[in-house]
Ligand SMILES: *Cc1c(COP(=O)(O)O)cnc(C)c1O
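In our numbering, the protein residues as written are 22 to 514.
So this is what it looks like as structure tokens:
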């Protein structure tokens, strides 16, 4: 075993990993990366098919981002945001507010179903969990200060994953992550998630297509959300906020929402005067595709310019503006740990007061507004906004869709769901009955191990194989990724 791998085995503890299994085999030890390719200590090359756990946007060792970090290093790496301002964090704040409020988004009056106030304030932190933690605390206090609720409660979706800190876990609904820590968590309510493939209300027989396309239902999942809101209202303590991963739930198993779900649900949330917290930790920064999907053109835009109008956030694809936008993973292009929680002026204002009123938001982290992270993020966003990147993402989206088609030949493929540049492939024992593999059979893990032997790295979510390629992935590399899934399924199952 390589010396460094030995050290890993001797000293490290890996996240979400059964360490007994980990210690049984030599780990793949990464030493470098270039574009969509990772290289290990033995000199083997791999495609980074899950963008280093959903973080990387433009590929590894991107010249623009590398240069920006080097340039920042020549001035300063970090100074505190507690009591001090700095250049890159200020510039990034402006940039994020600009991206989060495209001019086509209508900012309506209070009571307007979907549109709301602009997102005008940015609170920085370090990772997705803390970004959600910030949104949670702000929404909690806002609901109390505005007199909406003395004991604010939150609604989120079945299978939701919002991070691993105690507040973020409390908002999530993956039972396995909850059992051990139930005593530490506060309770939050869950609503039915729109999981068309396994939806009890979907009356369609399985077909060789994305279940969202052939589903037959009456939007019972939206009704379920409505009922939750109505019931909570009747109890005299209306929900403070609903938290959603817009367009697609990640750790739930890449569970996509049918087009129009988000808009409908946003209007239920707003109809009840609650706030909407969008967890775009995975979906942000163009991940769910380059374009907007719904709505009529405004006077200043033609239908054509609108079809091509880029959307950088999943919420905006359905022209929904949340009250909180939580960002992390891709914020720095996947380079450095940095997160942001954007919110409205109304929330910000509710924390203003005389010093001695102590309305201050008493929350923050040592590395809040870090300069290196901010510089990386600024460079990454510049790349993201270039026309070249929009075209690349468009090509990648169609390239993936085309390559994935051949997987329908495999009887163990039950559902293939793609939202932009995110793909979930659900493996089943028998597609005609949607019969799932027992998790103890480790079907997803075994497929990913076989893919790794073929030079493609990703991690499954249960029995769902995930492909989230970096935006620089070429057509040929896409073929290679999908081919690895195909062959791994044939040889393993
Ligand atoms: C990854 C993720 C988180 C947590 O982010 P960390 O940086 O791992 O703390 C939260 N929400 C979603 C949707 C995620 O995908």
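We put the beta carbon where it would ideally sit given N, CA and C, even for glycine.
Our two residues, residue 343 and residue 299, have alpha carbons roughly 6 Å apart in a direct line.
For residue 72, there is no enclosing beta strand (DSSP E); the enclosing alpha helix (DSSP H) has its first and last residue at 72-75. The criterion of a C-beta distance shorter than 7 Å is satisfied by residue 183 and residue 192. Per DSSP, the beta bridge partners of residue 362 are 144 and 347. Here the C-alpha atom of residue 405 lies approximately 27 Å from the C-alpha atom of residue 446. Per DSSP, the beta bridge partners of residue 175 are 262. Using a cutoff of 6 Å, the CB of residue 95 does not count as near ligand 1, since none of the ligand's heavy atoms is closer than that. Listed in chain order, the non-local C-beta contacts of residue 366 below 8 Å within the same chain comprise 138, 139, 141 and 142, local neighbours out to five positions each way being set aside. For residue 224, the CB contacts under 6 Å within the same chain, skipping 5 residues up- and downstream, are 237 in chain order. Unbroken beta strand (DSSP E) runs of no fewer than 3 residues, entirely contained in the stretch 214-271, are found at 262-265, following chain order. Between ligand 1 and the CB of residue 300, the shortest heavy atom gap is smaller than 6 Å. A residue is called buried when at least 16 other Cβ atoms come within 10 angstroms of its Cβ; residue 472 meets this threshold and is buried. A straight-line Cα-Cα distance of about 33 Å links residue 336 and residue 201.
For residue 386, the shortest C-beta to heavy atom distance toward ligand 1 is 6 Å or greater.
Around residue 452, the same chain offers 227, 432, 434 and 435 as residues with beta carbons nearer than 7 Å, after the five sequence neighbours per side are excluded. Between residue 437 and residue 428, the CB-CB gap stays under 7 Å. Residue 303 has its Cβ nearer than 6 Å to a heavy atom of ligand 1.
The bridge partners DSSP lists for residue 53 are 60.
Residue burial is scored here from C-beta neighbours: residue 275 has at least 16 other C-beta atoms within 10 angstroms and is therefore classed as buried.
Here residue 26 is not bridged, per DSSP, to any residue.
With 16 or more neighbouring CB atoms inside 10 Å of its own CB, residue 282 falls in the buried class.
Within the model, the alpha-carbon separation for residue 398 versus residue 68 is close to 23 Å. Nearest neighbour of residue 154 by Cα position, chosen from 491, 349 and 421, turns out to be 349. Around residue 219, the same chain offers no residue with a beta carbon nearer than 6 Å, after the five sequence neighbours per side are excluded. Relative to ligand 1, residue 397 has its C-beta separated by 6 Å or more from all heavy atoms. Sequence-distant partners of residue 476 (beyond 5 residues in either direction) whose C-beta falls short of 8 Å from its own C-beta, in its chain, are 65, 66, 67, 68, 501 and 505.
Take the alpha-carbon of residue 388 and the one of residue 150: they are about 15 Å apart. At a Cβ-Cβ threshold of 7 Å, residue 492 and residue 117 do not count as neighbours.
The beta carbon of residue 60 lies closer than 8 Å to those of 51, 52, 53, 54, 66 and 67 in the same chain, with the five residues before and after it left out. The beta carbon of residue 357 is closer than 7 Å to those of 393, 394 and 397 in its chain, skipping five residues each way along the sequence. Within the same chain, Cβ atoms closer than 6 Å to the Cβ of residue 145 are found at 361, 389 and 390, the five residues on either side in sequence being excluded. Our two residues, residue 171 and residue 252, have alpha carbons roughly 17 Å apart in a direct line.
Ligand 1 never approaches residue 261 closely enough for any of its heavy atoms to be under 6 Å from the residue's Cβ. Residue range 296-300 is occupied by the beta strand (DSSP E) that includes residue 298. Only residues of its own chain outside the window of five on either side were considered, and among them 513 have a CB closer than 7 Å to the CB of residue 467, listed in chain order. Here the distance from the Cβ of residue 146 to the nearest heavy atom of ligand 1 is not below 6 Å.
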